[in-house]
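Enquirer: So that we are looking at the same thing, I have put the structure below in structure tokens.
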Amino acid sequence: ERVGGVHQGVVAEVEASREWTEDDLLAQLAGSDKPPFLLVLDGVTDPHNLGACMRTCDAVGVQAVIAPKDKSASLTAVARKVACGAAESVPFVRVTNLARFLRTLKDQGVWLIGAAGEAEVTLYQADFKGPVALVMGAEGAGMRRLTREHCDQLINIPMLGQVDSLNVSVATGVCLYEALRQRLG
């Protein structure tokens, strides 16, 4: 697949990184000495947003990004370009049944923190220090009902201006950097 635009006169033919399976991720988490730090994207369909989220995940040390196979963006050439190399360093796991996989993560001791505008707790009150997966919903629609029900905690990002929401990649960045601040802490 070709992507046009600025290339600074450099061309390379490379093989795309392989897509991870649920089992690959669970094995990696079991073999790691660090508590899980994951991002779940529920129905994010814009490849630009996926790429931007992947780039932020690389910057903060997220171990994997999880998304449903249906009705969500895949790692297209556009998403990879926006990710600026992060699509090669952060595993991307597409799951058949997101609700089931969220239950599996919970069974592994991962705390699921979902971002929702109507939540009464702010991200600054949440505890991101342990095994955690940040769950972000689709552009506009937010998290699906079952995804929301699997979350252990819902958080919001304080909004002091006139707009009532942020782009999903911006909101993801805000939440992940608060998580990183706490985890470094």
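To get the numbering used here, take the position in the sequence shown, counting from 1, and add 1194.
Idealized CB from N, CA, C, for every residue including glycine.
1. Would you tell me roughly how many angstroms separate the C-alpha atoms of residue 1331 and residue 1287, rounded to the nearest one?
2. What alpha helix (DSSP H) runs, 4 residues minimum, are completely inside the segment 1291-1366?
3. Starting from residue 1241 and walking both ways along the alpha helix (DSSP H), at which residues does that stretch end?
4. Tell me where the beta strand (DSSP E) around residue 1223 begins and ends.
5. My assumption, with CB atoms under 8 angstroms, is that residue 1350 sits in contact with residue 1293. Please give the rounded CB distance.
6. Rounded to the nearest angstrom, what separates residue 1325 and residue 1370 at their Cα positions?
7. Is it buried or exposed, residue 1236, if we count other Cβ atoms within 10 angstroms and call 16 or more buried?
8. Just to confirm, is the Cβ distance from residue 1259 to residue 1278 under 8 angstroms?
9. Which partner residues does residue 1232 have in the DSSP bridge list?
10. Any idea what DSSP makes of residue 1287, helix, strand or coil?
11. Are there 16 or more other CB atoms within 10 angstroms of the CB of residue 1363, so buried, or fewer, so exposed?
12. When the cut-off is 8 angstroms and only beta carbons count, does residue 1265 lie next to chain C?
13. According to DSSP, is residue 1263 part of a helix, a strand, or is it coil?
14. Determine the direct distance from the alpha carbon of residue 1285 to that of residue 1233, and round the result to whole angstroms.
15. Using C-beta distances below 6 angstroms, list every residue in its chain close to residue 1214, excluding the 5 sequence neighbours before and after it, in chain order.
16. Looking at the structure shown, is residue 1269 part of a helix, part of a strand, or coil, going by DSSP?
Expert: Answer, in terms of the structure:
1. Between residue 1331 and residue 1287, the C-alpha separation is close to 16 angstroms.
2. Listed in chain order, the complete alpha helix (DSSP H) runs (minimum 4 residues) inside the segment 1291-1366 are 1292-1301 and 1339-1344.
3. Annotation: the continuous alpha helix (DSSP H) that includes residue 1241 extends over 1241-1254.
4. Counting along the chain, residue 1223 falls outside any beta strand (DSSP E), though it belongs to the alpha helix (DSSP H) covering 1216-1224.
5. At roughly 22 angstroms, the Cβ-Cβ gap does not stay under 8 angstroms, so residue 1350 and residue 1293 are not in contact.
6. Whole-angstrom Cα-Cα distance: 14 angstroms.
7. With at least 16 other beta carbons inside 10 angstroms of its own, residue 1236 counts as buried.
8. Cβ atoms of residue 1259 and residue 1278: not closer than 8 angstroms.
9. Per DSSP, 1258 and 1327.
10. Note: residue 1287 maps to strand in three-state DSSP.
11. The residue in question, residue 1363, is buried, as its Cβ has 16 or more Cβ neighbours within 10 Å.
12. The structure shown contains no chain C, having only a single protein chain.
13. If DSSP states are grouped into helix, strand and coil, residue 1263 belongs with coil.
14. Take the alpha-carbon of residue 1233 and the one of residue 1285: they are about 11 angstroms apart.
15. Answer for residue 1214: 1285 and 1287, listed in chain order.
16. The answer is coil: DSSP assigns residue 1269 none of H, G, I, E or B.
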